[in-house]
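Below is one structure, written out as structure tokens, with a few remarks after it.
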Amino acid sequence: MDQQSDDVPLGPALVGVVYNLKHAENPDRPADDQAEYDSIDTVLAIEAAIRLHGIDTVRLEADEHLAQKLAEYHPDLAFNIAEGHGGRGREAQAPALLSLLNIPFTGSDETTLCLALDKALCKRLLATYHIRTPRYRVFAPGAPVRAAGLRFPVIVKPNAEGSSKGILDACVAETPAKLRALVDESFKRYHAPVLVEEYIEGREFTVGVLGNGLSARVFQPMEIVYHHTSEGGYRVYNYTVKLTYEKYVEYRCPAAISPALEQALVDAARRVFLALGCLDLARVDFRVDGEGRVYFIEINPLPGLAPHYSDYPMLAEFSGLSYDELIMGVLREGAARNGVDLREGR
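When the count follows our numbering, it moves up by one through the sequence shown with no breaks and lands on 1425 for the last residue.
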């Protein structure tokens, strides 16, 4: 019998699930301080979906010891959901380390993640593609707050956060004085630059993308329909709403929209995804005003994957993909891009 070559894989692939975990709350920090981090239940659900296909997994929390853990286990592929720690470049921390160690991973690379997290920089780039977005300004701590060129009302939020972190219950300003107060409050809580953009009165949609390049699958748009408005009568998908979504909103997919508007949302999501160089998965948020104009609000190339809670798995489920199928879809896209043989079921 011929001796098997040393470079032929004998067992299943090893997938490292790389994540940041929610820990005990710090009473000195805002309530949404860990909004973007995952619960252990989400990590276990991702692991379970992968293991169903005979693929081994290892959990790798993206803490200060991540480099040592990656060197020890050196997985064939990393399933990256790590949000990182501190600053507008935090989502690049785990991907940059994975790239340095030559470990392929799912999802967008460090450059795209940095660009997408910095909302103003992202909007500036997309403007070159003629993608419509609300007019905006960015204010750094200590800088004078002037609304010249902006039409009130305006919404105030941290420039480089996700999961609605830092979007307060009262976050819309109708006057320059209220704007300055909201910006000062954001500085006080988060010590980071603030994005101020014109509030678009209208319907809110989110669109999921799975795959790569022109063949990427764009899920049907999901409308976020509000039961209650926030202070001042505005509809804002903030941290409080997401935390108790059953009370505030319902999710409609398919949305009650014309085929033309659905196609406009799908096309816009694909254009944004490709323009930013996104890989494998992303979720894109839009507002549509009373005249049917589509406004890009933001993109999350590292969307939440909490089963039965996060918007991205909901989008997939409405489009006929179970949670397990979604996770494996992301994993297979990342593996195919990187030439990784997952050796499923062996």
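By construction, the Cβ of each residue, glycine as well, lies at the ideal position given by its N, Cα and C atoms.
Computed from a predicted structure; not experimentally measured.
Name, in chain order, the residues that DSSP records as bridge partners for residue i.
i, result
"T1285", "M1301, D1364"
"V1137", "G1095"
"D1390", "Paired residues: none, contrary to the question."
"E1377", "D1364"
"E1404", "Its beta-bridge partners do not exist; DSSP assigns none."
"F1218", "V1273"
"Y1330", "I1303"
Could you work out which residue in the options is closest to residue i when comparing CA atoms only?
i, options, result
"L1194", "T1185, G1186, L1204", "L1204"
"Q1147", "L1176, H1387, V1251", "L1176"
"E1353", "Y1208, R1167, I1125", "The sequence shown places Leu at residue 1353, rather than the Glu named in the question. When only C-alpha atoms are compared, the closest one is Y1208."
"C1047", "E1377, E1253, V1286, A1343", "Any question about residue 1047 goes unanswered here, given that the chain covers just 1080 to 1425."
"G1165", "E1143, H1153, S1337, N1159", "E1143"
"N1291", "L1200, L1180, G1356", "G1356"
"T1190", "H1270, A1335, K1198, P1174", "P1174"
"K1321", "I1303, Q1172, I1119", "I1303"
"S1401", "E1412, L1410, P1386", "P1386"
"V1409", "D1120, L1100, A1128, Y1116", "A1128"
"L1440", "H1102, V1122, P1091", "The chain is shown only over 1080 to 1425; residue 1440 falls outside these bounds and no answer can be derived."
"S1118", "L1100, P1213, G1281, V1273", "L1100"
"R1268", "A1226, E1253, P1220, H1307", "P1220"
"A1227", "C1201, L1179, E1276, P1338", "E1276"
"A1432", "K1198, A1171, N1317", "The first residue shown for the chain is 1080 and the last is 1425, placing residue 1432 beyond what the model contains."
"G1371", "N1317, L1340, A1157", "L1340"
"L1196", "Y1305, Y1316, Y1324, V1273", "V1273"
"R1169", "L1192, A1150, S1178", "L1192"
"G1369", "E1280, A1271, V1137, I1160", "E1280"
What is the DSSP secondary structure of residue i, counted as helix, strand or coil?
i, result
"A1252", "strand"
"N1024", "For residue 1024 there is no data in the structure shown, the boundaries of the chain being 1080 and 1425."
"L1322", "helix"
"T1212", "coil"
"N1417", "helix"
"P1174", "helix"
"D1120", "helix"
"D1081", "Residue confidence for D1081 is low, a pLDDT of 39 falling below 50, so the modelled location carries little weight; the figure read from the coordinates is stated next. In this structure, D1081 counts as coil in the three-state DSSP scheme."
"K1198", "helix"
"E1277", "strand"
"K1267", "helix"
"G1290", "strand"
"P1338", "helix"
"E1370", "coil"
"I1234", "strand"
"Y1152", "helix"
"R1422", "coil"
"V1409", "helix"
"R1296", "strand"
"D1086", "Unreliable placement is indicated for D1086, whose pLDDT of 49 sits below 50; the coordinate value is still reported in the next sentence. Of the three classes helix, strand and coil, the one that applies to D1086 here is coil, per DSSP."
"Y1313", "coil"
"R1167", "coil"
"R1259", "helix"
"D1188", "coil"
"D1142", "coil"
For the putative contact between residue i and residue j, defined by C-beta atoms under 8 Å, what is the C-beta separation to the nearest angstrom?
i, j, result
"Y1330", "Y1278", "Their Cβ separation, rounded to whole angstroms, is 22 Å, which puts Y1330 and Y1278 out of contact at 8 Å."
"R1167", "A1249", "Not quite, the Cβ-Cβ distance comes to about 25 Å (not below 8 Å), so this is no contact."
"F1218", "V1224", "5 Å"
"F1298", "L1394", "4 Å"
"V1097", "D1155", "So it is not a contact: roughly 13 Å between Cβ atoms."
"L1344", "F1397", "No, L1344 and F1397 are not in contact; Cβ-Cβ is about 14 Å, not under 8 Å."
"E1162", "E1115", "4 Å"
Check the Cβ-Cβ distances between residue i and every residue of chain D, and say whether any is below 9 Å.
i, result
"L1360", "Going by chain labels, chain D is absent from the structure shown, which holds only one protein chain."
TODO: Report yes or no: do three or more beta-carbon pairs, one from the stretch 1170-1190 and one from the stretch 1407-1417, lie closer than 8 Å?
DONE: yes
Open item on the list: For the structure I just gave you, are there three or more beta carbon pairs, one from the stretch 1357-1370 and one from the stretch 1384-1396, closer than 8 Å?
Closed with: yes
Open item on the list: For the pair the stretch 1339-1352 and the stretch 1372-1380, tell me if three or more CB-CB distances fall below 8 Å.
Closed with: yes
Open item on the list: Under 8 Å, with one C-beta from each stretch per pair, do the stretch 1292-1302 and the stretch 1256-1263 reach the 3-pair mark?
Closed with: no
Open item on the list: When you compare the stretch 1125-1139 with the stretch 1226-1237, are there three or more beta-carbon pairs, one atom per stretch, that lie closer than 8 Å?
Closed with: no
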